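Numbering (the UniProt record's numbering), first residue to last: 1 to 389.
Structure record follows, encoded as structure tokens.
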């Protein structure tokens, strides 16, 4: 299979990640922090080691700032559901439903939000738009660092500085940027960093992180056993246990640590540039195909991550995906849980019904890209016939 759906989840996982997960099931099978016997202590230490690794990887203030979560979505929900009545939030028009739907739900609790447009390739314009949207009661900016459909980067470091000037905080959705763009939470001024473990970090599904030194400000979505203060009915507020009730996904966490090692060993910049080279090649080829519609300028590293959305004139995005699937090429089609991004680009109608997304990964080859280009080129006659109809 030619796998070009790495924005959904990276595949295949590195051999080191698969081996670490198997090792965890065999050698670290006890519940961490729940017993004084050898395996439980060793498992707890192994989890802590990954916590330290994540703190170093993302420039957090310390390992206590890392709480392991089952997804980036859960991390975003924790932050957003901690807002109070009367709070106002700013979000970009590129956000995933992982941020938009919890914000919509919080409207019933007196929280309001404003959608602010991102100008691709013009960070100054984006910053000005956010500045003009700030209110006295703006408490939080929720910003994806990169669009999951069109690859557009958002200047979160500058937005963090702006938020702090106005006494607000910033929550960054790093689902598409973790392991792809170097992130230093402390230096970048990121108050809440929400990461997926199974994408650019090459960990398994069911892993993610919420990185913050302001955990005491949050409300835990789930209360329960933490392995500490067992006689107290109130949830202990010490981080990171405060946000980690219940048994942790030890095999997933240890495999996530191996994924971070894989990225570190190969280099974020090297991996990203290799994938950007694939995307630029696709863009150049598609640009010369009259039947293909592109929605952004030529992707460059400063303003994009290696993700490209396109369509074939006269065809539904899902139809294009079906043709590619018959050639054993895996891409994502439709609306990608990002309604505002599709509205922004005009792809939210019945035709094209979203967009076709190409997202290479560490194991994508030049031959894979050649086959994609050939297959899309072969649709020129079908496209012409549809347009005539």
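Just so you know, even glycine gets a beta-carbon here, dropped at the ideal spot from N, CA and C.
All values derive from a computational prediction rather than experimental measurement.
Between the C-alpha atoms of residue 32 and residue 298, what's the straight-line distance to the nearest angstrom?
Along the chain shown, one-based indexing puts residue 32 at 32. Along the chain shown, one-based indexing puts residue 298 at 298. About 48 angstroms.
In whole angstroms, what is the alpha-carbon distance linking residue 34 and residue 40?
As a working mapping, residue 34 is identified with position 34 in the chain shown. As a working mapping, residue 40 is identified with position 40 in the chain shown. Going by C-alpha positions, residue 34 is about 7 angstroms away from residue 40.
Using a Cβ-Cβ cutoff of less than 8 angstroms, which residues in the same chain neighbour residue 254 once the five nearest sequence positions on both sides are dropped?
As a working note, residue 254 is residue 254 in the chain shown. Counting only Cβ-Cβ distances below 8 angstroms, and skipping sequence neighbours, we find 20, 21, 23, 24, 28, 46, 47, 50.
Using a Cβ distance threshold of 8 angstroms, determine whether the region 292-310 contacts the region 343-360, with at least three qualifying pairs required.
yes
Around the C-beta of residue 204, are 16 or more other C-beta atoms found within 10 angstroms, so that it is buried, or is it exposed?
Within the chain shown, residue 204 is the residue found at index 204, counting from 1. It counts as buried.
Is the beta carbon of residue 154 sitting closer than 7 angstroms to the one on residue 143?
In the chain shown, the residue the question calls residue 154 occupies position 154. In the chain shown, the residue the question calls residue 143 occupies position 143. Taking 7 angstroms as the Cβ cut-off, residue 154 and residue 143 qualify as a contacting pair.
Output the distance between the C-alpha atoms of residue 226 and residue 350, rounded to the nearest integer angstrom.
Taking the first residue of the chain shown as position 1, residue 226 is located at position 226. Taking the first residue of the chain shown as position 1, residue 350 is located at position 350. Roughly 48 angstroms separates the two Cα atoms.
How far does the alpha helix (DSSP H) with residue 145 in it extend, from its first residue to its last?
Numbered from 1 along the chain shown, position 145 holds the residue referred to as residue 145. No alpha helix (DSSP H) contains residue 145, which DSSP labels as neither H nor E.
Can you tell me whether residue 56 is buried or exposed? The criterion is at least 16 other CB atoms within 10 Å of its CB, across all chains shown.
Counting from one through the chain shown, the residue named residue 56 turns up at place 56. Classification of residue 56: exposed, given that the 10 Å Cβ count is below 16.
For residue 100, which three-state DSSP category applies?
Working through the chain shown from its first residue, we reach residue 100 at position 100. Residue 100 falls in the helix class under three-state DSSP.
Could you check whether residue 208 and residue 337 sit closer than 7 angstroms to each other, using their CB atoms as the reference points?
Taking the first residue of the chain shown as position 1, residue 337 is located at position 337. Taking the first residue of the chain shown as position 1, residue 208 is located at position 208. No, the pair does not count as a contact, with Cβ atoms beyond the cut-off.
Please name the residue, chosen from 265, 92, 99, that lies closest to residue 119 on a Cα-to-Cα basis.
The count along the chain shown starts at 1 and reaches residue 119 at position 119. Measuring from the Cα of residue 119, the nearest candidate turns out to be 92.
Tell me where the beta strand (DSSP E) around residue 67 begins and ends.
The sequence position of residue 67 within the chain shown is 67, counting from 1. In the DSSP annotation of this structure, the continuous segment of the beta strand (DSSP E) that includes residue 67 starts and ends at 66-69.
Give the DSSP-derived three-state secondary structure of residue 170 in the structure shown.
Translated into the one-based positions of the chain shown, residue 170 becomes position 170. DSSP places residue 170 in strand when its eight states are reduced to three.
Return helix, strand or coil for residue 355, following the three-state DSSP convention.
In the chain shown, residue 355 corresponds to position 355, counting from 1. Residue 355 falls in the strand class under three-state DSSP.
Under a three-way DSSP split, which group does residue 57 fall into?
The residue given as residue 57 occupies position 57 in the chain shown. Correct three-state label for residue 57: helix.
Helix, strand or coil, according to DSSP, for residue 276 in the structure here?
In the chain shown, counting from the first residue as 1, residue 276 sits at position 276. Secondary structure of residue 276 (DSSP, three-state): helix.
Can you find the residues in the same chain that come closer than 7 angstroms, C-beta to C-beta, to residue 363, ignoring five residues on each side of it along the sequence?
If you number the chain shown from 1, residue 363 lands on position 363. Only 12 meet the Cβ criterion.
Starting from the Cα of residue 129, find the closest Cα among 90, 149, 167, 164 and give me that residue.
Reading the chain shown from its first residue, position 129 is the one you call residue 129. Ranking 90, 149, 167, 164 by Cα distance to residue 129 puts 90 first.
Can you tell me where the beta strand (DSSP E) holding residue 196 begins and where it ends?
One-based indexing of the chain shown puts residue 196 at position 196. Taken as a continuous stretch (DSSP letters only), the beta strand (DSSP E) holding residue 196 covers 192-196.
Can you name, in chain order, every residue of its own chain whose Cβ lies under 8 angstroms from the Cβ of residue 264, other than the five neighbours on each side?
Walking along the chain shown from the start, residue 264 turns up at place 264. So the list reads 57, once near-sequence residues are dropped.
In chain order, what residues of the same chain have a beta carbon less than 8 angstroms from the beta carbon of residue 187, not counting five sequence neighbours either side?
The residue labelled residue 187 in the question sits at position 187 within the chain shown. Only 59 meet the Cβ criterion.
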